[in-house]
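Asks: Using full-length UniProt numbering, read the sequence shown as starting at 1 and increasing by one per residue. Cβ atoms here follow ideal geometry from the backbone N, Cα and C, with glycine treated the same way.
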Amino acid sequence: MAAAQNAPALAQSTAQTASQTPAQTAAPDEPVYRLGQINATAQAAGGTPVGGSVLSSEDIARFNRERLDRALDLLPGVSIATTRGPRNERYVTVRGYDRFQVPLYLDGVQLYLPADNRFDLGRFLTGDLAEIQVAKGYASVLDGPGGLGGSINLVSRKPTRELEGELRTGINLDATGAFSGYLTSASAGTKQERFYVQGGIAKVEQNFFRLSDDYKPTANENGGRREGSDSRDWRVNAKFGITPNDTDEYSFNVLKQNGSKGAPLHTDDPASSQTMRYWKWPEWAVQNLSFNSRTQLGDKSYVKTRLFHSTFDNKLDSYDDRRYVRQSTSRAFTSIYDDRAYGGGVELGTDLIPRNTLKGAVHVRRDEHEEFQTLYAPRFREPNQKSVEDTYSVALENTFHATGAVDVVTGASYDWRDLRKAQDWDGTNTGRFVTYPTKDMDAFNWQGAVIWRTSATGETHASVSSRTRFPTLFERFSSRFGGAVSNPGLKPERAINYEIGASEQVFGNTRLEGAVFVNDLTDAIQQVNILYNGQSVTQNRNVGSGFDRGFELSARALLSEWLEIGGNYTLLVRTLDAVGTPEPKPTGTPTHKLFAYADIQPVEALHVVPSLEVSSNRWTSNSAQTVYYRTGAYALANLKVSYEIVKGVEAEAVVRNITDRNYQLMDGYPEEGRSFYLGARYQF
1 MAAAQNAPAL
11 AQSTAQTASQ
21 TPAQTAAPDE
31 PVYRLGQINA
41 TAQAAGGTPV
51 GGSVLSSEDI
61 ARFNRERLDR
71 ALDLLPGVSI
81 ATTRGPRNER
91 YVTVRGYDRF
101 QVPLYLDGVQ
111 LYLPADNRFD
121 LGRFLTGDLA
131 EIQVAKGYAS
141 VLDGPGGLGG
151 SINLVSRKPT
161 RELEGELRTG
171 INLDATGAFS
181 GYLTSASAGT
191 KQERFYVQGG
201 IAKVEQNFFR
211 LSDDYKPTAN
221 ENGGRREGSD
231 SRDWRVNAKF
241 GITPNDTDEY
251 SFNVLKQNGS
261 KGAPLHTDDP
271 ASSQTMRYWK
281 WPEWAVQNLS
291 FNSRTQLGDK
301 SYVKTRLFHS
311 TFDNKLDSYD
321 DRRYVRQSTS
331 RAFTSIYDDR
341 AYGGGVELGT
351 DLIPRNTLKG
361 AVHVRRDEHE
371 EFQTLYAPRF
381 REPNQKSVED
391 TYSVALENTF
401 HATGAVDVVT
411 GASYDWRDLR
421 KAQDWDGTNT
431 GRFVTYPTKD
441 MDAFNWQGAV
451 IWRTSATGET
461 HASVSSRTRF
471 PTLFERFSSR
481 FGGAVSNPGL
491 KPERAINYEI
501 GASEQVFGNT
511 RLEGAVFVND
521 LTDAIQQVNI
531 LYNGQSVTQN
541 RNVGSGFDRG
551 FELSARALLS
561 EWLEIGGNYT
571 LLVRTLDAVG
581 TPEPKPTGTP
591 THKLFAYADI
601 QPVEALHVVP
611 SLEVSSNRWT
621 SNSAQTVYYR
631 TGAYALANLK
641 VSYEIVKGVE
651 AEAVVRNITD
661 RNYQLMDGYP
671 EEGRSFYLGA
681 RYQF
């Protein structure tokens, strides 16, 4: 169902007016936290949907995608990727746009790391999510700044019954049957007449993953259990909501997530190489407190508010060698990040103007970054360095209801960022503070769309969106542990995204969807090699432009009472015009991507779900970025079998990468071979 889950979000939608409430537009038994939705796709969130996808919790469970990066990879236009070097981070691209260009939200609150915004999506667990919204190319200006290439919003659950819950547990095994990790989660909630409570906890541990038997050993990795592939993550969340009447809702939310992870070595880099680093991440913690509300103002207007306070704590240990014991040489250090963000937004909508729904939004956010390093040769603790920046956005969007079947949407926003402080330390025990120029930035954004509901089950749409993305502190000022020089004058990136798409239900039980898109990126930020004081280093510069184009196709068909099939295909052709030696390539994205599945139900209690993931190769580079080449082509066959023992109790078994395919998404970092999962789930 992942293939076509995004189709109904478009085909069945009509523009929500200001007089409609979430309760009126949501399915009564749908466990989705509507206040946490953004205007990415869902009409119940208040915006006319334009493109995009919605991945349901049912599909996340159906294909056993317990981590966010793997879940998002089910969708058309979205591709999984991994970072270069020892950071051991997973991310996704959306039609070629990366994690800097596609903001991440949790229940409508943007999760943004003030220093570098390099979120590791592999740390995010999906067990407590009701759905994932993905906007592709067109992200409403009402949702705030930064949506140059789209947005990703994680929407939590909301109870629908007096008492409900879920317990889940399972173990992972490698290709030899050895225990490699486990997962466990629990959630419970209650919905009463005028309030609701929801809570959950989840924990996932991975001791290692095993490489394919076809992997060829090297000096850095001898095969079998991948060294440095361990990780541990846990997550707790709670929600308390008040519904004083049928139209208003007020909700308090808390999320705390903590993790630790190793960092696999590049399989081929020599130990003496400057790119070879022996890192571990003993702490990776996120905490988010938020308040969301919606209040009806008369019959034709509403106001929504959102307040938040977020913290991010991060510790990185760098060791002398691959034994990960001593910290005594010049390459050893401990780096601490202590970040926080707070702010809020207000959205006001009204239907007072006939045949128009007018909405406005204001967003205010402060990000504070604090860091220091402890060096060991000689031993020295740097003073704390601080950076502070404020970001603002004012947006206006109008939906003109031309006819009962046609809507015309226009929107504009003005974003600006005030950099109040940017500090660094020159890296020595006899050093000094470096205070960078505090250059401010601003940008005007605009977008428009036409949606024609051609039938009760179909629609056609066309859209254009011109958005900007401000560079991060990291892109402007980071020295990358001595390997880069700053560029305080780095400008924002800008993209104009075009899309034409349609969806329809045909032959009764078959849904089809397609979209053609073009992305035009200017002032692209690229890392280039330069000479600085006689040393070869890198620097971020606005030296590039990008032109991406492609199309997506999705289908889902219920062929009989016992057989459902579905799938999606993405073609993405990328052109990057950038200066550099060698000439930079658009890395991390395949030209062709296919996902297909069948859900076979020979008897009522039994589901057999084979699936296939196919990806063509992609551009990558060696660690020094002196050579670009193509890698990463794969075809992965998977199988899940689940059986409902008694009502609410289900046992499941999964085989991933059945053929034990050996492949890599990034130079020097091979992926997991064949693995197994055995688990059980109880719902009440």
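Bridge partners of residue 517, per DSSP?
Replies: Residue 517 sits at position 517 when you count from the first residue of the sequence shown. Bridge partners of residue 517: 499, 550.
Asks: Round the Cβ separation of residue 526 and residue 578 to the nearest angstrom and send it over; I've been treating them as touching at under 8 Å.
Replies: Taking the first residue of the sequence shown as position 1, residue 526 is located at position 526. Taking the first residue of the sequence shown as position 1, residue 578 is located at position 578. That belief holds up - the Cβ atoms of residue 526 and residue 578 are roughly 5 Å apart, short of 8 Å.
Asks: Measure how close the beta-carbons of residue 690 and residue 84 come, nearest whole angstrom, since I'm counting them as under 8 Å.
Replies: Residue 690 falls outside the range modelled here, since the chain spans only 1 to 684, and no answer is possible.
Asks: How would you write the range of the beta strand (DSSP E) that residue 389 sits in, first residue to last?
Replies: The residue you call residue 389 lines up with position 389 of the sequence shown. 385–401 is the span of the beta strand (DSSP E), which, as asked, contains residue 389.
Asks: Using the three-state DSSP reduction, which class does residue 60 fall into: helix, strand or coil?
Replies: Looking up residue 60 in the sequence shown gives position 60. Looking at residue 60 - three-state DSSP - the assignment turns out to be helix.
Asks: Per DSSP, which residues does residue 441 bridge with? Please list them.
Replies: Against the sequence shown, residue 441 aligns to sequence position 441. In the DSSP output, where bridge partners are listed per residue, residue 441 has 417.
Asks: Closest to residue 554 by C-alpha separation, out of 39, 74, 38, 162, would be which residue?
Replies: Mapped onto the sequence shown, residue 554 falls at position 554. For the residues 39, 74, 38, 162, the minimum Cα distance to residue 554 belongs to 74.
Asks: I'd like to check one pair, residue 230 with residue 258: are the Cβ atoms closer than 7 Å?
Replies: Against the sequence shown, residue 258 aligns to sequence position 258. Against the sequence shown, residue 230 aligns to sequence position 230. Cβ atoms of residue 258 and residue 230: not closer than 7 Å.
Asks: Please tell me whether residue 449 and residue 463 are closer than 7 Å, where the distance is taken between their beta carbons.
Replies: As a first step, residue 449 is located in the sequence shown; it is residue number 449 there, counting from the start. As a first step, residue 463 is located in the sequence shown; it is residue number 463 there, counting from the start. Yes, they are a contact pair.
Asks: Can you tell me whether DSSP reads residue 85 as helix, strand or coil?
Replies: Here the question's residue 85 lines up with position 85 in the sequence shown. Correct three-state label for residue 85: coil.
Asks: For residue 198, count the other beta carbons within 10 Å of its own beta carbon; 16 or more makes it buried, fewer makes it exposed. Which is it?
Replies: Numbered from its first residue, the sequence shown carries residue 198 at position 198. Buried, because 16 or more other Cβ atoms sit within 10 Å of the Cβ of residue 198.
Asks: Per the contact definition of three or more C-beta pairs closer than 8 Å, is the segment 236–245 in contact with the segment 213–228?
Replies: Per the Cβ contact rule, the segment 213–228 is not in contact with the segment 236–245 (fewer than 3 Cβ pairs under 8 Å).
Asks: Which partner residues of residue 266 appear in the DSSP bridge assignment?
Replies: Translated into positions along the sequence shown, residue 266 becomes position 266. For residue 266, which the question treats as bridged, DSSP gives no partner whatsoever.
Asks: Run through DSSP, which three-state label would residue 143 get?
Replies: By 1-based counting over the sequence shown, the position of residue 143 is 143. Helix.
Asks: Measuring straight from C-alpha to C-alpha, what distance separates residue 546 and residue 186?
Replies: Walking along the sequence shown from the start, residue 546 turns up at place 546. Walking along the sequence shown from the start, residue 186 turns up at place 186. Taking C-alpha positions only, residue 546 is separated from residue 186 by approximately 44 Å.
Asks: So, helix, strand or coil for residue 312, using DSSP?
Replies: Position 312 of the sequence shown, counted from the first residue, corresponds to residue 312. Residue state, collapsed to three classes: strand.
Asks: Where DSSP assigns a beta bridge to residue 477, which residues make up the other side?
Replies: Taking the sequence shown and counting its residues from 1, one reaches residue 477 at position 477. According to DSSP, which records beta bridges pairwise, residue 477 is partnered with nothing at all.
Asks: Is DSSP giving residue 226 helix, strand or coil here?
Replies: Against the sequence shown, residue 226 aligns to sequence position 226. Coil, per DSSP.
Asks: DSSP on residue 1, reduced to helix/strand/coil?
Replies: Counted from its first residue, the sequence shown places residue 1 at position 1. Since pLDDT at residue 1 reaches only 41, below the 50 mark, its modelled position is unreliable, and no value is offered.
Asks: Does the Cβ-Cβ distance between residue 36 and residue 155 come in under 7 Å?
Replies: Here residue 36 refers to the residue found at position 36 of the sequence shown. Here residue 155 refers to the residue found at position 155 of the sequence shown. Contact flag set, yes.
Asks: Only counting the same chain, and skipping five residues up and downstream in sequence, which positions put a Cβ closer than 6 Å to that of residue 70?
Replies: As a first step, residue 70 must be located in the sequence shown, where it is residue number 70. The answer is none, since no qualifying residue turns up.
Asks: Any heavy atom of the ligand MG within a distance shorter than 6 Å of the CB on residue 585?
Replies: Among the components of this structure there are no ligands whatsoever, and the ligand MG is therefore not found.
Asks: Would you kindly work out how many angstroms separate the C-alpha atoms of residue 106 and residue 634, rounded to a whole number?
Replies: Here residue 106 corresponds to residue number 106 of the sequence shown, with the count starting at 1. Here residue 634 corresponds to residue number 634 of the sequence shown, with the count starting at 1. Distance between the alpha carbons of residue 106 and residue 634 is about 32 Å.
Asks: For residue 436, which residues from the same chain have a beta carbon less than 8 Å from its beta carbon, with the 5 sequence-adjacent residues on both sides left out?
Replies: Working through the sequence shown from its first residue, we reach residue 436 at position 436. Around residue 436: 422, 423, 424, 476, 477, 486, 488.
Asks: Return the CA-CA distance between residue 605 and residue 169, expressed in angstroms with no decimal places.
Replies: Stepping through the sequence shown from its first residue, residue 605 is reached at position 605. Stepping through the sequence shown from its first residue, residue 169 is reached at position 169. Rounded to whole angstroms, residue 605 to residue 169 spans 20 Å at the Cα level.
Asks: Would you tell me roughly how many angstroms separate the C-alpha atoms of residue 165 and residue 678, rounded to the nearest one?
Replies: Here residue 165 is taken as the residue at index 165 of the sequence shown, counted from 1. Here residue 678 is taken as the residue at index 678 of the sequence shown, counted from 1. Roughly 21 Å between the two C-alpha positions.
Asks: Which residues share a DSSP beta bridge with residue 199?
Replies: Here residue 199 refers to the residue found at position 199 of the sequence shown. DSSP, once it has assigned bridges, lists 188, 238 as partnering residue 199.
Asks: Are the beta-carbon atoms belonging to residue 309 and residue 278 less than 7 Å from one another?
Replies: Indexing the sequence shown from 1 puts residue 309 at position 309. Indexing the sequence shown from 1 puts residue 278 at position 278. Annotated as distal: residue 309 and residue 278, with beta-carbon spacing of 7 Å or more.
Asks: In whole angstroms, what is the alpha-carbon distance linking residue 670 and residue 299?
Replies: Residue 670 sits at position 670 when you count from the first residue of the sequence shown. Residue 299 sits at position 299 when you count from the first residue of the sequence shown. Roughly 58 Å separates the two Cα atoms.
Asks: Indicate the three-state DSSP secondary structure (helix, strand or coil) for residue 121 in the structure shown.
Replies: To locate residue 121, count along the sequence shown from 1; it is residue 121. Helix.
Asks: With a 10 Å radius around its C-beta and 16 neighbouring C-beta atoms as the bar for buried, classify residue 530 as buried or exposed.
Replies: The count along the sequence shown starts at 1 and reaches residue 530 at position 530. Label assigned to residue 530: exposed.
Asks: Excluding five sequence neighbours on each side, which residues of the same chain lie with their C-beta closer than 6 Å to the C-beta of residue 97?
Replies: Within the sequence shown, numbered from 1, the residue matching residue 97 stands at position 97. Cβ neighbours of residue 97 beyond the five flanking positions: 149.
Asks: Output needed for residue 551: all residues of its chain with C-beta closer than 6 Å, excluding positions within five of it in sequence on either side, in chain order.
Replies: If you number the sequence shown from 1, residue 551 lands on position 551. Excluding positions up to five away in sequence, the list reads 516, 571.
Asks: State the Cα-Cα distance for the pair residue 61 and residue 33, rounded to the nearest angstrom.
Replies: Within the sequence shown, numbered from 1, the residue matching residue 61 stands at position 61. Within the sequence shown, numbered from 1, the residue matching residue 33 stands at position 33. Answer to the nearest angstrom: the Cα atoms are 18 Å apart.
Asks: Please report the straight-line C-alpha distance between residue 210 and residue 276, rounded to a whole angstrom.
Replies: As a working note, residue 210 is residue 210 in the sequence shown. As a working note, residue 276 is residue 276 in the sequence shown. One C-alpha to the other measures close to 22 Å.
Asks: In the DSSP output, which residue or residues are listed as bridge partners for residue 294?
Replies: To locate residue 294, count along the sequence shown from 1; it is residue 294. For residue 294, which the question treats as bridged, DSSP gives the partners 249, 304.
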